[in-house]
Amino acid sequence: MHKNGVRHWVVPCTLLASALVRWCIGLGSYSGQGTPPMFGDYEAQRHWMELTNHLPLRQWYRYDLQYWGLDYPPLTAYHSWLCGKIGSFVDPSWFALDTSRGIESPGSTLFMRSTVLLSDYAIYLPAAWLFTRVWHSGRSRRTQNAALLTLLFQPALLLIDFGHFQYNSVMLGFTLLAATSFTSGRDLLGAFFFTLSLGFKQMALYYAPAVGSYLLGKCLYLGLRDGAQLFVRLAIVTAGTFFLLFLPFLPPLAPISAILDPITRIFPFNRGIFEDKVANFWCATNVVLKWRFWASQSTLMRLSTLLTFLGFLGAAVAPIRAWLRLRNQDRARTTRTEVVPSVMQTVLLLALLNSSMSFFLFSFQVHEKTILLPLLPMTLLLSTAPHDSSTFKLGALANNVGMFSMWPLLRKDGLAAQYIALTLLWNRLIGHNPCISLRQATFLDVFTWVVYLGCALLHLLEFAYRPPARYPDLFPVLNVLVSTPVFLFTWLWSIKSIIEAGWTAGGLSVGGSESKEKKAGPGVVFPSESLNSGGFSSALAPLEGVRRREGRLRAQSLGKGVFG
Amino acid sequence: MAVNSEKKDDSPKPSRSQWLRKALLDVTASEYDILALSTAFKLLLFPTYRSTDFEVHRNWLAITHSLPISKWYYDTTSEWTLDYPPFFAYFEKALSVPASFIDPQIVDLNNLNYSAWSVVAYQRTTVILTELVLAAVLMKFVRGAPDPNIQRLVSASLFLHPGFLIVDHIHFQYNGFLFGILLLSILQARQGNLLASGFFFAVLLNFKHIYMYLAPAYFVYLLRAYCMSPQGSILPSRFLALANVVTLVFIASLGPFLLMGQIPQLLSRLFPFTRGLNHAYWAPNAWALLTAADRVLLQYAKRFGASFSVDASGVSSSSRGLVGDTTFAVLPNVRPMHTFLITIIFQSVFLVKLWRTPTHRSFLTALTLCGYTSFMFGWHVHEKAVLLVLVPLSLLAAENYAYFRTFMIASTAGVVSLFPLLFTPAEHIIEVLYSLLWAIVVFGPLQQRLYEFPRSLPAVIVGSLETMYLWGFLLLEIIVTLCPVITKAIGQGPEKWEFLPLMLTSLYCALGLIWAYARLSFLYLTST
Numbered sequence: 001m002h003k004n005g006v007r008h009w010v011v012p013c014t015l016l017a018s019a020l021v022r023w024c025i026g027l028g029s030y031s032g033q034g035t036p037p038m039f040g041d042y043e044a045q046r047h048w049m050e051l052t053n054h055l056p057l058r059q060w061y062r063y064d065l066q067y068w069g070l071d072y073p074p075l076t077a078y079h080s081w082l083c084g085k086i087g088s089f090v091d092p093s094w095f096a097l098d099t100s101r102g103i104e105s106p107g108s109t110l111f112m113r114s115t116v117l118l119s120d121y122a123i124y125l126p127a128a129w130l131f132t133r134v135w136h137s138g139r140s141r142r143t144q145n146a147a148l149l150t151l152l153f154q155p156a157l158l159l160i161d162f163g164h165f166q167y168n169s170v171m172l173g174f175t176l177l178a179a180t181s182f183t184s185g186r187d188l189l190g191a192f193f194f195t196l197s198l199g200f201k202q203m204a205l206y207y208a209p210a211v212g213s214y215l216l217g218k219c220l221y222l223g224l225r226d227g228a229q230l231f232v233r234l235a236i237v238t239a240g241t242f243f244l245l246f247l248p249f250l251p252p253l254a255p256i257s258a259i260l261d262p263i264t265r266i267f268p269f270n271r272g273i274f275e276d277k278v279a280n281f282w283c284a285t286n287v288v289l290k291w292r293f294w295a296s297q298s299t300l301m302r303l304s305t306l307l308t309f310l311g312f313l314g315a316a317v318a319p320i321r322a323w324l325r326l327r328n329q330d331r332a333r334t335t336r337t338e339v340v341p342s343v344m345q346t347v348l349l350l351a352l353l354n355s356s357m358s359f360f361l362f363s364f365q366v367h368e369k370t371i372l373l374p375l376l377p378m379t380l381l382l383s384t385a386p387h388d389s390s391t392f393k394l395g396a397l398a399n400n401v402g403m404f405s406m407w408p409l410l411r412k413d414g415l416a417a418q419y420i421a422l423t424l425l426w427n428r429l430i431g432h433n434p435c436i437s438l439r440q441a442t443f444l445d446v447f448t449w450v451v452y453l454g455c456a457l458l459h460l461l462e463f464a465y466r467p468p469a470r471y472p473d474l475f476p477v478l479n480v481l482v483s484t485p486v487f488l489f490t491w492l493w494s495i496k497s498i499i500e501a502g503w504t505a506g507g508l509s510v511g512g513s514e515s516k517e518k519k520a521g522p523g524v525v526f527p528s529e530s531l532n533s534g535g536f537s538s539a540l541a542p543l544e545g546v547r548r549r550e551g552r553l554r555a556q557s558l559g560k561g562v563f564g
Numbered sequence: 001m002a003v004n005s006e007k008k009d010d011s012p013k014p015s016r017s018q019w020l021r022k023a024l025l026d027v028t029a030s031e032y033d034i035l036a037l038s039t040a041f042k043l044l045l046f047p048t049y050r051s052t053d054f055e056v057h058r059n060w061l062a063i064t065h066s067l068p069i070s071k072w073y074y075d076t077t078s079e080w081t082l083d084y085p086p087f088f089a090y091f092e093k094a095l096s097v098p099a100s101f102i103d104p105q106i107v108d109l110n111n112l113n114y115s116a117w118s119v120v121a122y123q124r125t126t127v128i129l130t131e132l133v134l135a136a137v138l139m140k141f142v143r144g145a146p147d148p149n150i151q152r153l154v155s156a157s158l159f160l161h162p163g164f165l166i167v168d169h170i171h172f173q174y175n176g177f178l179f180g181i182l183l184l185s186i187l188q189a190r191q192g193n194l195l196a197s198g199f200f201f202a203v204l205l206n207f208k209h210i211y212m213y214l215a216p217a218y219f220v221y222l223l224r225a226y227c228m229s230p231q232g233s234i235l236p237s238r239f240l241a242l243a244n245v246v247t248l249v250f251i252a253s254l255g256p257f258l259l260m261g262q263i264p265q266l267l268s269r270l271f272p273f274t275r276g277l278n279h280a281y282w283a284p285n286a287w288a289l290l291t292a293a294d295r296v297l298l299q300y301a302k303r304f305g306a307s308f309s310v311d312a313s314g315v316s317s318s319s320r321g322l323v324g325d326t327t328f329a330v331l332p333n334v335r336p337m338h339t340f341l342i343t344i345i346f347q348s349v350f351l352v353k354l355w356r357t358p359t360h361r362s363f364l365t366a367l368t369l370c371g372y373t374s375f376m377f378g379w380h381v382h383e384k385a386v387l388l389v390l391v392p393l394s395l396l397a398a399e400n401y402a403y404f405r406t407f408m409i410a411s412t413a414g415v416v417s418l419f420p421l422l423f424t425p426a427e428h429i430i431e432v433l434y435s436l437l438w439a440i441v442v443f444g445p446l447q448q449r450l451y452e453f454p455r456s457l458p459a460v461i462v463g464s465l466e467t468m469y470l471w472g473f474l475l476l477e478i479i480v481t482l483c484p485v486i487t488k489a490i491g492q493g494p495e496k497w498e499f500l501p502l503m504l505t506s507l508y509c510a511l512g513l514i515w516a517y518a519r520l521s522f523l524y525l526t527s528t
């Protein structure tokens with residue numbers, strides 16, 4: 001389409017198409033549809049709209065906890081309140097207290113689906129758009145739009161939010177806004193957005209080590225005076241935002257004990273290490289090791305905390321180290337740029353990936369849906385990478401296996417057709433093609449083939465046979481065994497890449513660093529400033545050439561094919 | 001495999017995937033993209049609203065699978081009796097075989113209104129798969145077209161047509177497959193294989209008899225261009241060949257029923273002459289405008305005293321809104337014979353022109369106009385029949401700017417006129433968004449390529465009126481969406497005003513379709 005003089009229509013068309021796809025997914029069934037008495041996540045969200053609209057605020061975290069008691073932070077509660085308010089205006093029976101439990105009328109379902117779409121378009125969509133415009137500011141409009149498509153049609157997120165029914169895109173959208181703010185140098189704004197993300201879903205804590213380390217590193221980079229100033233400001237903004245979010249539960253408006261209700265609801269410490277079959281370290285090793293017989297609950301908890309901590313060590317250290325290396329180098333040059341160096345953008349994304357993946361793999365009480373958190377930075381990295389890079393290949397693999405790991409859940413929700421459709425749609429859209437000749441194949445390619453083969457075999461087996469009575473969970477367990485290695489591999493890759501990127505940070509100087517530039521190739525982002533400086537143009541030329549050749553989205557080749 | 005490592009050539013070697021593509025019908029990457037993306041989207045439509053046509057086709061699967069062929073056209077277990085020609089029955093028979101393996105309940109004759117996931121997924125999948133016929137033919141259209149780029153766009157627009165999405169993938173029918181056969185016949189005609197063209201059209205007629213709307217154009221064209229020499233003398237051998245081919249097709253289709261002496265029963269199923277002038281929802285044609293005029297005159301007569309005679313049955317007919325038979329209160333009633341005569345007269349004008357200029361392009365235009373005339377003036381025309389106009393018209397879209405404008409107006413009005421088929425709010429959003437997207441992607445580039453500056457004042461005026469008309473659809477959509485809200489707010493019974501959005505849609509679309517009809521007729525008759 002770009003060639004046909006209708007380029008200004010690309011973004012509106014993308015928005016229209018993504019809204020259409022989101023809406024169509026919503027026509028399918030949702031979590032817990034028609035399964036009284038408890039139903040599922042859909043009913044949980046609807047129930048929160050009901051209770052926030054009818055109960056005084058103090059009761060929100062106390063009311064009938066056995067029936068989907070509110071266990072997300074206040075921003076979710078406020079969001080529920082707003083949705084419930086609008087919904088009650090249209091039809092009060094949708095959110096009547098107690099009597100509306102389990103309501104599944106077409107009108108109410110339609111309304112609930114539209115709230116997800118509107119929330120998504122209010123937060124995630126602008127965040128994705130800004131990301132493509134800020135991070136890829138030196139690239140062509142075509143590359144930017146390609147990245148936008150990659151982000152908007154990310155299959156796992158779409159299926160969970162619009163099929164299964166949740167509002168993850170709001171939390172992820174805030175995190176994305178935070179990351180974009182950081183990289184454009186607006187640290188306070190970023191801290192504000194990240195606090196909102198935490199205030200919407202506590203799950204965003206999985207990103208916290210990376211964000212904390214990045215900001216601390218920035219403070220150190222700025223030196224004693226400026227750094228301390230930034231540190232204090234960040235502390236004020238973060239604490240202030242949290243204070244505002246929890247204001248109704250704090251002393252002037254409520255007794256001091258009131259704050260305990262949301263806190264205890266948000267952080268439940270008294271559950272097992274894992275519940276369902278999740279493709280993480282514990283579940284996978286449990287097949288052989290049977291953790292519950294070996295160790296007590298508290299030992300396991302400690303072990304898992306230790307492993308998680310070790311897991312995200314890279315994310316916690318690398319950004320600080322990279323900033324420090326930058327400082328040393330800048331000191332040598334006695335200049336300090338206001339622009340955030342491009343390598344720090346990559347380091348930030350890798351750190352986000354590393355820390356959220358460690359939480360997913362090693363921490364306790366993880367849901368299969370939590371894979372969405374590591375998938376966000378992975379997809380962001382992918383959207384910046386050329387097609388033949390390992391970042392791109394691994395990103396596509398991780399996304400597809402992320403889908404696959406949620407298959408048991410999606411099957412239960414009745415979303416099989418949507419599962420196939422979105423996998424097909426997204427892979428075709430980004431132009432993922434694992435079929436390359438054996439001669440050129442790298443280890444990653446072979447690994448990808450083996451994994452895809454495993455996925456396909458498992459799907460076929462499940463389609464053809466019922467699981468034996470002795471092992472009713474056979475297929476979910478096999479699913480875990482196929483998926484976990486991929487996530488472990490991604491985690492290891494994130495550690496390796498973050499170390500490499502850290503080295504690059506030290507060696508980064510204008511001119512004469514071409515080899516290192518290329519080495520950090522996966523996902524290194526070049527801001528427009530460096531594009532314009534002469535020293536980089538030679539280093540850039542081959543990379544850009546690759547992008548032009550390979551990094552083209554399918555949809556655009558389609559556009560070109562049809563309209564060109 | 002094809003790459004030999006010993007070879008020393010500098011040219012880029014064909015990779016294996018390219019070699020595979022060559023084998024798979026020479027499909028380009030962008031065509032695979034369209035196929036993959038649209039298939040993914042159609043999969044998402046599995047859970048959407050299904051009309052009774054879904055049960056109709058399920059029942060036909062059951063009839064053809066569980067009854068002997070002698071009972072197919074007699075069975076009345078379900079009210080949805082088999083009323084398509086035999087080829088379609090054979091087609092259903094073929095589809096019923098895998099269905100019985102997947103879920104035997106699908107083909108159980110007494111299992112009425114079966115709507116399990118298995119039958120939905122199976123039947124929807126058959127629509128997607130049989131539509132590949134359309135995809136393959138449209139692809140062949142691109143190869144060997146005078147301007148492949150523009151033909152690619154036209155082909156893509158047809159494959160992704162909102163009409164097919166609404167009628168086939170949501171409402172449920174097999175139009176994609178059937179139009180695939182029609183386009184195959186047209187493609188054969190373009191390549192000069194007129195005998196094959198006639199063969200495929202005869203086959204198509206035996207799949208669904210609604211394509212008879214197009215038969216006059218085929219008849220005249222094949223007779224003139226195939227059975228006669230350019231000088232006008234008859235070529236007997238060709239005539240006999242064509243006659244034999246068509247007869248053989250009909251024997252293959254009707255033969256078994258002929259032997260069993262069931263032809264009268266079959267015909268009574270295919271042509272039930274007991275229906276009214278308008279369908280429940282007025283198809284946007286001339287009769288819709290006439291009916292509306294009658295209603296207006298009736299209101300006038302009620303208010304200001306009748307200066308003309310009012311038919312009592314017509315008054316009651318109007319109060320029933322849009323349902324059932326239409327009897328005019330003021331205007332003289334229309335009988336089937338009238339519609340038949342009017343259709344024949346209009347068609348014969350175009351057929352004379354076709355007789356004089358039997359070129360392929362002339363054939364295509366005459367074919368479109370033939371279907372268009374039947375749609376405009378036919379008895380009990382169904383709104384879905386607008387596809388018979390829109391599909392061949394799309395092939396003419398890229399001729400020049402005048403044709404493109406006609407195409408744009410007719411397509412917009414035709415697609416919007418299909419909207420009332422889906423009345424559930426969720427599906428309504430889908431059809432509106434999808435059609436909008438389609439319009440941007442198809443009209444934008446075509447307009448860019450074909451635009452011509454208007455050369456006279458009337459052309460400017462007409463052009464701006466047309467543009468206003470097209471923007472009017474936005475207003476129409478807003479009114480149609482808000483209508484239920486307003487009637488609910490002012491406390492009127494929603495049932496009482498239910499007909500209003502339907503009538504508005506029908507009339508507004510009828511205006512555009514009639515104008516496009518006039519445009520196309522003018523273009524055809526004045527062309528040299």
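Listed in order, the protein sequences are those of chains X and D. The UniProt record's numbering applies: residue 1 is where the first sequence begins, and numbers increase by one. The UniProt record's numbering applies: residue 1 is where the second sequence begins, and numbers increase by one. We treat Cβ as the ideally placed atom computed from N, Cα and C, and that holds for glycine.
DSSP bridge partner residues for residue i (one or two, in chain order)
| i | result |
| --- | --- |
| residue 429 of chain D | Paired residues: none, contrary to the question. |
| residue 337 of chain D | DSSP lists no partner for residue 337 of chain D. |
| residue 228 of chain D | D:234 |
Residue i versus residue j - alpha carbon distance
| i | j | result |
| --- | --- | --- |
| residue 343 of chain X | residue 504 of chain X | 7 Å |
| residue 245 of chain X | residue 71 of chain X | 15 Å |
| residue 436 of chain D | residue 38 of chain D | 16 Å |
| residue 258 of chain X | residue 264 of chain X | 11 Å |
| residue 134 of chain D | residue 159 of chain D | 7 Å |
| residue 548 of chain X | residue 385 of chain X | Low local confidence applies: a pLDDT of 37 at residue 548 of chain X is under 50, so the model's placement there is unreliable, with the coordinate-based value given in what follows. Approximately 12 Å between the Cα atoms of the pair. |
Where the alpha helix (DSSP H) containing residue i begins and where it ends
| i | result |
| --- | --- |
| residue 43 of chain X | 41 to 54 |
| residue 78 of chain D | It is not in any alpha helix (DSSP H) - residue 78 of chain D carries neither H nor E in the DSSP assignment. |
| residue 157 of chain D | 148 to 159 |
| residue 357 of chain D | It is not in any alpha helix (DSSP H) - residue 357 of chain D carries neither H nor E in the DSSP assignment. |
| residue 286 of chain X | 281 to 289 |
| residue 8 of chain X | No alpha helix (DSSP H) holds residue 8 of chain X; DSSP gives it neither H nor E. |
| residue 96 of chain D | 86 to 102 |
| residue 405 of chain X | 390 to 405 |
Close beta carbons around residue i, own chain, < 7 Å, minus the five adjacent residues each side
| i | result |
| --- | --- |
| residue 18 of chain X | 152, 153 |
| residue 474 of chain D | none |
When Cβ atoms are compared, which residues of the region 11 to 24 of chain X fall closer than 8 Å to chain D? 12, 13, 16, 17, 19, 20, 21, 23, 24
Chain-ordered residues of the region 43 to 54 of chain D with a beta carbon less than 8 Å from chain X: 43, 44, 45, 46, 47, 48
Could you name the residues of the region 411 to 428 of chain X whose beta carbon sits closer than 8 Å to any beta carbon of chain D, in the order they occur along the chain? 414, 417, 418, 420, 421, 422, 424, 425, 428
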